[in-house]
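J.: I am attaching a structure below and will ask some questions about it afterwards.
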Amino acid sequence: MAAFAVVLSGCELEVLNPGAIQDADLTDPSLMPVLVNGVSAEYNDFQDDLAFDVSILSDEMAGTGSYSGTQQYRQGDFDWDNSLGNWASTHEASWSADQAILRLQEVSDAEPDFEYTTSQDAARAWAIKGFANVRLGENFCFAVYGVGSASPRTAAFDTAIAAFNQAITLANSSGADEWELAALAGIAQAELGKAAFGGGTWGAADAAAAAALTAIEAAGEDLGWADYAIYNAQADENLFWTETWGRAEYGMFRTLGEQMYDQDEDPRVAYKKCGEWNDPDNLLGGGTVDPRTLTKTQLDALIVGGVTPTGECDGEGSGAHQGADGEHAHYKQTVYPERGSDIPRASAHEMLLIRAEAAMMSSDFGAMVGFINQVREDLELDQYTTVPTALGTLDYPHDLSSTEAIDILDRERYATLFMQGRRLFDQDRWDHPYLEGGDDAYAPGLGNWVVGGSSFEPRRSCMPIPKTECLLNTNISDDATVCTG
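For what it's worth, the working numbering labels the leading residue of the sequence shown as 1, then goes sequentially.
Given below as structure tokens:
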């Protein structure tokens with residue numbers, strides 16, 4: 001052991017990590033940006049994980065790998081054990097924002113050189129708290145605060161709006177334009193949630209989105225504006241990159257995104273073919289057949305026919321041309337092409353789609369198409385030239401040429417919010433036919449991708465309160481309407 005110590009001392013090893021920072025030391029005003037960076041990191045920690053689970057539970061992505069969760073979630077099965085991680089980390093982000101805000105106020109009281117009411121860091125913390133609660137309301141079936149009773153998910157939207165309003169006040173007093181814009185956009189998201197699930201109106205959602213767009217323009221930003229959750233290749237890489245570039249666990253074969261990109265190279269759902277089906281039986285018709293309509297027998301034959309590398313992904317991440325299951329052609333998303341690709345929390349494009357939906361709900365289909373066309377024009381995509389005459393009815397998979405209002409909005413929100421953790425929210429509130437499920441996972445209309453598997457009837461449409469919350473919180477433990485497993 002003494003000899004080992006001598007060898008180490010010759011290497012001149014130095015301990016650079018000073019260990020835990022003592023709570024009493026976090027009273028230095030110069031450390032407040034670092035403190036709030038930690039709040040941001042807590043948010044970023046859950047955003048990609050939550051969005052990733054949503055992409056598999058919904059029809060955004062297709063599972064082509066070997067994880068047990070890939071199979072389970074693609075079948076629409078997501079129980080109270082599965083929801084624990086997202087529940088805990090989302091609440092942790094909101095809680096950490098609360099703690100940072102309290103510390104900022106304490107430092108302001110104690111240090112004459114630091115003023116909470118003009119702190120950009122305080123505005124940022126409140127905005128992050130708001131977004132954490134919007135994500136809670138969008139994705140969980142109920143909200144629970146403290147050790148209280150279960151509340152409708154709209155309680156999370158109300159909490160978010162209160163936080164965003166605090167962020168706006170502080171942003172105005174501190175000159176933090178970026179957090180004012182983010183908070184205004186977050187309010188529009190929350191108002192949409194309230195309009196969809198009760199307690200709000202479409203007029204309020206429209207007004208909030210219009211206010212956000214006005215502020216974005218006044219700040220000198222264009223329609224490409226977005227607020228992002230930040231990722232880093234070294235510290236906190238984007239999970240979508242990890243599981244689609246670093247590994248071929250998920251892909252875009254048999255998704256709406258595949259069809260939209262093939263139609264007009266829509267950048268919102270961009271992908272590339274790392275491998276291509278050999279397709280000796282011409283089941284895909286040279287690209288003319290929507291693979292979502294293939295039967296189980298046809299898809300099994302496609303697998304038997306094999307996959308050939310295209311060379312398009314050589315040297316990129318794993319470079320895999322097949323899914324991690326060794327069977328499927330890997331169609332790799334390119335929306336997040338870097339380990340550190342950031343994920344939008346809100347965008348100007350989304351604000352236009354909120355206004356489009358509000359117009360649709362009042363049967364003003366001309367205005368709806370107008371707002372959507374602003375998004376498409378900004379992306380240099382073809383405009384819609386036909387104005388719907390009725391709301392219509394969602395079908396799955398629907399024809400991309402459908403001009404029914406709900407079909408248009410469905411695919412535009414799918415693309416604009418692709419891989420942002422928002423799709424389950426849309427499918428739940430629209431009672432989307434994808435959620436119906438069925439015995440044959442390959443049957444037309446079900447959109448699943450599980451070899452030999454079946455889909456739950458119905459599929460999970462929102463994340464349940466986790467088992468630990470139900471066991472430890474006596475205010476809900478006996479409530480069978482919220483603790484559903």
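Here a beta-carbon is modelled for each residue, glycine too, at the ideal position from N, C-alpha and C.
These numbers were taken from a predicted model, which means no experiment stands behind them.
If I follow the unbroken beta strand (DSSP E) through D407, where does it start and stop?
T.: From DSSP, D407 is part of no beta strand (DSSP E) but of the alpha helix (DSSP H) over 405–416.
J.: Whose C-beta lies closer than 8 Å to the C-beta of S119 among residues of the same chain, with five residues either side of it excluded?
T.: M32, L104, S108, L170, S174
J.: Residues in the same chain with beta-carbon distance under 8 Å from G38, minus the five sequence neighbours each way, listed in chain order, please.
T.: S96, A100
J.: Rounded to whole angstroms, what is the Cα-Cα separation between F114 and A405?
T.: 52 Å
J.: Secondary structure at R345, three-state DSSP: helix, strand or coil?
T.: strand
J.: Answer with buried or exposed for Y271, where buried requires no fewer than 16 other C-beta atoms within 10 angstroms of its C-beta.
T.: Buried, since its Cβ has 16 or more Cβ neighbours within 10 Å.
J.: If you reduce the DSSP assignment to three classes, tell me which class N282 lands in.
T.: coil
J.: Can you check whether the C-beta of Q333 is within less than 8 Å of a C-beta belonging to chain D?
T.: Although the question refers to chain D, the structure presented lacks it and comprises just one protein chain.
J.: Classify E350 as buried or exposed, calling it buried when 16 or more other Cβ atoms lie within 10 Å of its own Cβ.
T.: buried
J.: In whole angstroms, give me the CA-to-CA distance for W87 and R135.
T.: 10 Å
J.: Taking only the alpha-carbon atoms, compute the straight-line gap between E249 and D325 and give it to the nearest angstrom.
T.: 8 Å
J.: Can you tell me which residues form a DSSP beta bridge with N232?
T.: D236
J.: Just confirm the distance between the C-beta atoms of R423 and L417, as a whole number of angstroms; I'd bet it's less than 8 Å.
T.: 7 Å
J.: From M368 to A356, what distance separates their C-alpha atoms?
T.: Taking the straight line joining both Cα atoms gives about 4 Å.
J.: For F78, report the span of its beta strand (DSSP E) as first-last.
T.: Taken as a continuous stretch (DSSP letters only), F78 belongs to no beta strand (DSSP E), as it is neither H nor E.
J.: What are the residues that DSSP puts in a beta bridge with P152?
T.: F142
J.: What residue from E42, N82, G76 has the CA that sits closest to A93's CA?
T.: E42
J.: Out of D81, G323, T310, E180, which one is the CA nearest neighbour of T244?
T.: G323
J.: If the criterion is Cβ atoms closer than 8 Å, does the pair A182 and A127 meet it?
T.: yes
J.: Just to confirm before moving on: does the CB-CB distance between C462 and N232 stay below 8 Å?
T.: no
J.: For E276, report the span of its beta strand (DSSP E) as first-last.
T.: 275–277
J.: Check D428 in the structure and name its three-state DSSP category.
T.: helix
J.: Do T255 and E60 have their C-beta atoms within less than 8 Å of each other?
T.: yes
J.: Which one of A24, I354, N82 has the shortest CA to CA distance from A207?
T.: Nearest C-alpha to A207: I354.
J.: Check whether the region 467–479 and the region 52–72 touch, using three or more Cβ-Cβ pairs below 8 Å as the test.
T.: no
J.: Which residue wins for smallest C-alpha separation from K194, given the options T154, L213, G203, S40?
T.: T154
J.: Check this for me: beta carbons of P458 and S83, under 8 Å apart or not?
T.: no
J.: Could you round the C-beta distance between L239 and D407 to whole angstroms and report it? I think they count as a contact, below 8 Å.
T.: Not a contact, Cβ separation roughly 30 Å.
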